[in-house]
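First up is the structure itself, then whatever we jot down about it.
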Amino acid sequence: MSGEFTESSPLRVAVVGSGPSGFYAVDALYKADVNVSIDMYERLPSPYGLVRSGVAPDHPKLRNAIKVYAKLAEEPPFRFFGNVTVGRDISVEELQHAYHAVIFTCGAQTDRRLGIPGEDLSGSYTATEFVGWYNGHPDYRDREFDLSHERAVIIGQGNVAADVSRILAKTADELKNTDIAAHALDALAESRVREVIVVGRRGPAQAKFTSKELKEFGELADCAPYVDPAELELNDASRRELEDKQNANATRIYELFRTFSETPAAGKSRRVQFTFRKSPVELTGDGRLQHVRLERNRLEGEPFQQRPAGTGEFTEIECGILLRSIGYRGVPVPGVPFDEKRGIIPNADGRIVDGDKAVPQLYVAGWIKRGPTGIIGTNKPDSAATVKSLLDDAAALASLGEKSGAEETSRILQERGIRYVSFSDWKRIDRSEIERGQAGGKPREKYTRVEEMLALLD
Ligand code: NAP
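Residues 795 to 1252 (my numbering) make up the sequence shown, in order.
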């Protein structure tokens, strides 16, 4: 398998996207028995994808993965091309010319839609926008969130919903020593939100939080979690789900909800309420969001297959801000097949396919391969599986002959006047962010504009 590539004529691979799945693909390639040279392309000047701009600022341990990725990036001949958008600054065809293989690990960059009237009213936002904003992602730097109303509604009960609810529920004191972006900390310090209602379309036995994340709501400085005890009643199928030993997380979640239903608010000025079996059907307001109309659901189906079905009974909640946190979705890359329905790049074991045919040289890993599920570590075996497919194709890839990799693409980018950011450039930005943070007792103060990062370098 590996004998066809030599040190002087290695397997040249381009990885598109610098989040966890990209770095785990690099890791799997380095561990394989093959002479390989890898270059990574990233749209932003900064690497690490959602580990930098998705992980909540108050969960610093989850950012530890960055240390592993930085080590991989420093193993020569690895080259980082930040500030390069594949499909715009350089085409997929050009990458195919310069490399034996291209692995797309560009994640799921947008959100699924509810598809209900009023979804785009001012005051209704996606969780992605809010997360990007508090994490200093340049795309969301100039978003404004109206936090002047006392009640916020979050749609969805996954870990992203937990993150955004917790950030809304925390005091500025709880956030000020994190790497939260300064503009977000200032706005949150002035927030008048006192009640966050987190709405699940299914029941308390089907919420997708992990128990560690849900438990945190009981540990906040000035916010109490709450569940109406009547909402904890379960149908027979849900009871059977909780009896299943494989479903221990759901049982822990349910027990936490029970604890929340029994614990008094004890002088806390904010509240996060979890409510179940309700789907939003319409957002209304005079020019901006004022109400969300919810339909009550009942659950139908066998254990673990239960779906929500509307009952025709409605309830309305007044609110000033609503965050839709119902899952991410991939966006197409020009020149690469895309499955519009699933929001992923269609593939068979990580080989990109067009209909039933594998597209030579093109591979995919991570959320853009399987959809937006799992935690950071889930991407490790996923990327390794893609790399296995790629290496199984080694003979066909070797038959393409010698490739010149970064030598060719750096010339193309320079000719086009693209100021790409190398890994040592990034390290300068990184050091500067850490220095900026020190003054305020923060681990770092991120640059939130691409121009600022480039100005620092040049
Ligand atoms: P998720 O876990 O898939 O949760 C999505 C939620 O939205 C579910 O409650 C889902 O309900 C609901 N939903 C979907 N469509 C809906 C609709 N049309 N109307 C109402 N509700 C709807 O997704 P996520 O929260 O975006 O997280 C993505 C992944 O990242 C997850 O694997 C998560 O664990 C991970 N993550 C981990 C951490 C961490 O480890 N701290 C932090 C953030 C994210 P149904 O169950 O009924 O479909």
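Note that the Cβ used here is the ideal one computed from N, Cα and C, for glycine as well.
What separation, rounded to the nearest whole angstrom, lies between the Cα atoms of residue i and residue j?
{"i": "residue 1251", "j": "residue 876", "result": "13 Å"}
{"i": "residue 814", "j": "residue 973", "result": "19 Å"}
{"i": "residue 810", "j": "residue 1184", "result": "15 Å"}
{"i": "residue 854", "j": "residue 930", "result": "15 Å"}
{"i": "residue 856", "j": "residue 1110", "result": "37 Å"}
{"i": "residue 801", "j": "residue 888", "result": "23 Å"}
{"i": "residue 751", "j": "residue 879", "result": "In the structure as shown, the chain begins at 795 and stops at 1252. Residue 751 is therefore absent and cannot be evaluated."}
{"i": "residue 932", "j": "residue 924", "result": "12 Å"}
{"i": "residue 1222", "j": "residue 1247", "result": "9 Å"}
Does residue i come out as helix, strand or coil in the three-state DSSP assignment?
{"i": "residue 1133", "result": "strand"}
{"i": "residue 1089", "result": "strand"}
{"i": "residue 951", "result": "coil"}
{"i": "residue 847", "result": "helix"}
{"i": "residue 971", "result": "coil"}
{"i": "residue 776", "result": "As shown, the chain starts at 795 and ends at 1252. That puts residue 776 outside it, with no answer to give."}
{"i": "residue 1198", "result": "coil"}
{"i": "residue 1076", "result": "strand"}
{"i": "residue 915", "result": "coil"}
{"i": "residue 1021", "result": "coil"}
{"i": "residue 926", "result": "helix"}
{"i": "residue 1125", "result": "coil"}
{"i": "residue 801", "result": "coil"}
{"i": "residue 893", "result": "coil"}
{"i": "residue 1142", "result": "strand"}
{"i": "residue 1237", "result": "coil"}
{"i": "residue 1030", "result": "helix"}
{"i": "residue 874", "result": "strand"}
{"i": "residue 1063", "result": "coil"}
By a C-beta neighbour count over all protein chains shown, 10 Å radius and 16 as the cutoff for buried, is residue i buried or exposed?
{"i": "residue 858", "result": "exposed"}
{"i": "residue 1218", "result": "exposed"}
{"i": "residue 862", "result": "exposed"}
{"i": "residue 1176", "result": "buried"}
{"i": "residue 871", "result": "exposed"}
{"i": "residue 907", "result": "exposed"}
{"i": "residue 899", "result": "buried"}
{"i": "residue 1171", "result": "exposed"}
{"i": "residue 1238", "result": "buried"}
{"i": "residue 795", "result": "Interpretation of residue 795 is limited by its pLDDT of 47, a score under 50 that renders its predicted location unreliable; the figure taken from the coordinates is listed afterwards. It counts as exposed."}
{"i": "residue 1233", "result": "exposed"}
{"i": "residue 1023", "result": "exposed"}
{"i": "residue 905", "result": "buried"}
{"i": "residue 911", "result": "exposed"}
{"i": "residue 1099", "result": "exposed"}
{"i": "residue 1166", "result": "buried"}
{"i": "residue 869", "result": "exposed"}
{"i": "residue 1242", "result": "buried"}
Nearest CA to the CA of residue i: which residue from the options?
{"i": "residue 960", "options": "860, 819, 1102, 1117", "result": "1117"}
{"i": "residue 903", "options": "926, 1125, 1111, 861", "result": "1125"}
{"i": "residue 1062", "options": "1147, 1152, 1014, 838", "result": "1014"}
{"i": "residue 1201", "options": "1030, 821, 833, 801", "result": "833"}
{"i": "residue 1043", "options": "1005, 932, 1233", "result": "1005"}
{"i": "residue 1095", "options": "1000, 850, 847", "result": "1000"}
{"i": "residue 1154", "options": "1160, 1144, 1161", "result": "1144"}
{"i": "residue 1213", "options": "1054, 825, 934, 838", "result": "838"}
{"i": "residue 945", "options": "820, 1065, 1235", "result": "1065"}
{"i": "residue 1236", "options": "1057, 851, 824", "result": "851"}
{"i": "residue 1088", "options": "949, 817, 1073", "result": "1073"}
{"i": "residue 951", "options": "1031, 1051, 976, 894", "result": "1051"}
Within 6 Å: the Cβ of residue i and any heavy atom of the ligand NAP?
{"i": "residue 1097", "result": "no"}
{"i": "residue 1002", "result": "yes"}
{"i": "residue 871", "result": "no"}
{"i": "residue 923", "result": "no"}
{"i": "residue 953", "result": "yes"}
{"i": "residue 950", "result": "yes"}
{"i": "residue 1166", "result": "yes"}
{"i": "residue 1118", "result": "no"}
{"i": "residue 868", "result": "no"}
{"i": "residue 887", "result": "no"}
{"i": "residue 1007", "result": "yes"}
{"i": "residue 1121", "result": "yes"}
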